[in-house]
Amino acid sequence: MAEISADIYRATSLLKSGELVAIPTETVYGLAGNALDETAILKIFKVKNRPKFDPLIAHVDSLEKVVSITSHIPDKALSLAEEFWPGPLTILLPKKSHVPDLLTSGLHRVAVRIPRHPLTRALLEEIEFPLAAPSANPFGYVSPTTANHVNDQLGEKISLILDGGDCHIGLESTIIGFENNHPIVYRLGGLEIEAIEKVIGKVKIYLNKSSNPTAPGMLKSHYAPQKELFIGNLEELAEKHQDRNVGVIAFRKKLDNLAPSKQLVLSASGNLDEAAKHLFGALRKMDQLDIDIIITEKLPESGLGKAINDRLQRAAAR
Ligand code: TXA
Ligand code: MG
Numbered sequence: 001m002a003e004i005s006a007d008i009y010r011a012t013s014l015l016k017s018g019e020l021v022a023i024p025t026e027t028v029y030g031l032a033g034n035a036l037d038e039t040a041i042l043k044i045f046k047v048k049n050r051p052k053f054d055p056l057i058a059h060v061d062s063l064e065k066v067v068s069i070t071s072h073i074p075d076k077a078l079s080l081a082e083e084f085w086p087g088p089l090t091i092l093l094p095k096k097s098h099v100p101d102l103l104t105s106g107l108h109r110v111a112v113r114i115p116r117h118p119l120t121r122a123l124l125e126e127i128e129f130p131l132a133a134p135s136a137n138p139f140g141y142v143s144p145t146t147a148n149h150v151n152d153q154l155g156e157k158i159s160l161i162l163d164g165g166d167c168h169i170g171l172e173s174t175i176i177g178f179e180n181n182h183p184i185v186y187r188l189g190g191l192e193i194e195a196i197e198k199v200i201g202k203v204k205i206y207l208n209k210s211s212n213p214t215a216p217g218m219l220k221s222h223y224a225p226q227k228e229l230f231i232g233n234l235e236e237l238a239e240k241h242q243d244r245n246v247g248v249i250a251f252r253k254k255l256d257n258l259a260p261s262k263q264l265v266l267s268a269s270g271n272l273d274e275a276a277k278h279l280f281g282a283l284r285k286m287d288q289l290d291i292d293i294i295i296t297e298k299l300p301e302s303g304l305g306k307a308i309n310d311r312l313q314r315a316a317a318r
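In our numbering, the protein residues as written are 1 to 318.
Now the structure itself:
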């Protein structure tokens, strides 16, 4: 099992020697390595069992470091960076040529983000290179939101998990890019669309739900627990599947006629931010419980509810 500690000096020394370290961010835990070192990047793909057509996000602690790896920042991107960095927003920007093609899967844009978690920011300040960091889970599975989640699945393969506690947001960053100066959101995430639109006006949302590898990462089935998941009206689903051993992820309230120990509530007060924070932990918990299938319900389509529903749909896709 990996060492779990908050020792950023041990983390910097491992990273500087080309090793991987799991790091906390406000969204989810990442599996980090030197983003400019092809050997380190290859290790990330290997540990995650991730296909190389799925590019990685580069994490830095300052706009100067963003400028050092990108060739141009459109005005709207700059406005977003000023408003939301550090924070749960990833921006696709044209890359400089020294940024390895392996990092971007051969694409001309590199995904960049300044994360907000204090421990990881302190770590980034100690190193001069950006950190490539996909979510620290095996490819296709639910993202980790605690150090223990990382340890459960990748503990045998990495030596250090930097422990920054529970992730505050619990959903991956929102991803935005620009085509002919028009903003396009490619992944719904921890930063609400409403907040983005207040700064740069209307955005297009292009969420790929196919399994087309030219549209990296946004696979139809992703973020998925091992057990089959069904989304709909909870009472109706419970009745339909009454001959099976059912676990429930409810938004606000458990069902009366099923064992409470097999049910989890995302937010009793109906708070979408709280629901987002609990979602991935709940999916992981369901995989551990003695149940066969998971039933869950859609959340209201506002704020983080949109991103939560997107994750549920991908988790349900087979
Ligand atoms: O919140 C997050 O974004 C977390 C934390 C650790 O920062 N990271 C994360 O990374 O979720 P990952 O690798 O699990 O998801 C990144 C997504 C992938 O779906 C990938 O396809 C997309 O970003 N992506 C990365 N670079 C891209 C690029 N150049 N063009 C298009 N999509 C890109
Ligand atoms: Mg991921």
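In this text, a Cβ means the ideal position worked out from N, Cα and C, and glycines have one as well.
What you are looking at is a predicted structure, and each value in this text was computed from that prediction instead of being measured.
Taking the beta strand (DSSP E) that residue i belongs to, which residues open and close that run?
i, result
"R187", "H182 to R187"
"A317", "Run containing A317: none; DSSP gives neither H nor E here."
"T27", "It is not in any beta strand (DSSP E) - T27 carries neither H nor E in the DSSP assignment."
"S5", "E3 to S5"
"I69", "No beta strand (DSSP E) holds I69; the alpha helix (DSSP H) holding it covers L63 to I69."
"I57", "I57 to H59"
Is residue i near the ligand MG, with its Cβ less than 8 Å from a heavy atom?
i, result
"P134", "yes"
"E172", "yes"
"S143", "yes"
"N137", "yes"
Please find out if some non-hydrogen atom of the ligand TXA comes closer than 8 Å to the beta-carbon of residue i.
i, result
"L92", "yes"
"A111", "yes"
"I319", "Summary: the structure shown does not reach residue 319, with the chain confined to residues 1 through 318, and so no result is reported for it."
"D101", "no"
"L107", "yes"
"G164", "no"
"V199", "no"
"T25", "yes"
"R116", "no"
"L54", "Per the sequence shown, residue 54 should be read as Asp rather than Leu. Answer for D54: yes, Cβ within range of the ligand TXA."
"P88", "yes"
"I175", "yes"
"T104", "yes"
"R187", "yes"
"G190", "yes"
"G305", "no"
"L9", "Reading off the sequence shown, one finds Tyr at residue 9, where the question assumed Leu. Every heavy atom of the ligand TXA is 8 Å or more from the Cβ of Y9, so no."
"V47", "no"
"G30", "yes"
Just to confirm before moving on: does the CB-CB distance between residue i and residue j stay below 9 Å?
i, j, result
"T146", "G281", "yes"
"K65", "N181", "no"
"D61", "I23", "no"
"L160", "S5", "yes"
"L162", "D7", "yes"
"V199", "L279", "no"
"F251", "L266", "yes"
"I249", "I293", "no"
"T296", "L272", "no"
"A111", "I44", "no"
"A319", "I231", "Since the first residue of the chain shown is 1 and the last is 318, residue 319 is not available in this structure."
"G247", "K227", "yes"
"A322", "L123", "This structure does not reach residue 322, given that the chain is present from 1 up to 318, and the question cannot be answered."
"E26", "I193", "no"
"I127", "L20", "no"
"C167", "V47", "no"
"I291", "K262", "yes"
"Y141", "Y9", "no"
"G30", "L15", "no"
"D54", "L207", "no"
"W85", "L56", "no"
"A238", "L258", "yes"
Output the boundary residues of the alpha helix (DSSP H) element that contains residue i.
i, result
"A11", "I8 to K16"
"V47", "E38 to K48"
Next item on the list: Would you mind listing the alpha helix (DSSP H) stretches within the region 75-119 that are 4+ residues and don't spill past its ends, in chain order?
Entry: 75-84 and 101-104
Notebook entry, point to check: Hey, which unbroken runs of the beta strand (DSSP E) at 3 residues or more fall wholly within the region 284-310?
Noted result: 293-296
Next item on the list: Taking only runs that begin and end inside the region 148-177, name each unbroken beta strand (DSSP E) of 3 or more residues, in chain order.
Entry: 160-162
Notebook entry, point to check: Should the region 69-87 be regarded as contacting the region 167-180, the criterion being three or more beta carbon pairs within less than 8 Å?
Noted result: yes
Check: Which parts of the region 192-263 are runs of the alpha helix (DSSP H), unbroken and 4 residues or longer, counting only runs that do not cross its ends?
Finding: 193-200 and 234-240
Margin query: Tell me whether the region 185-200 and the region 84-96 touch, counting them as touching only if at least three CB pairs, one residue from each stretch, are closer than 8 Å.
Written below: yes
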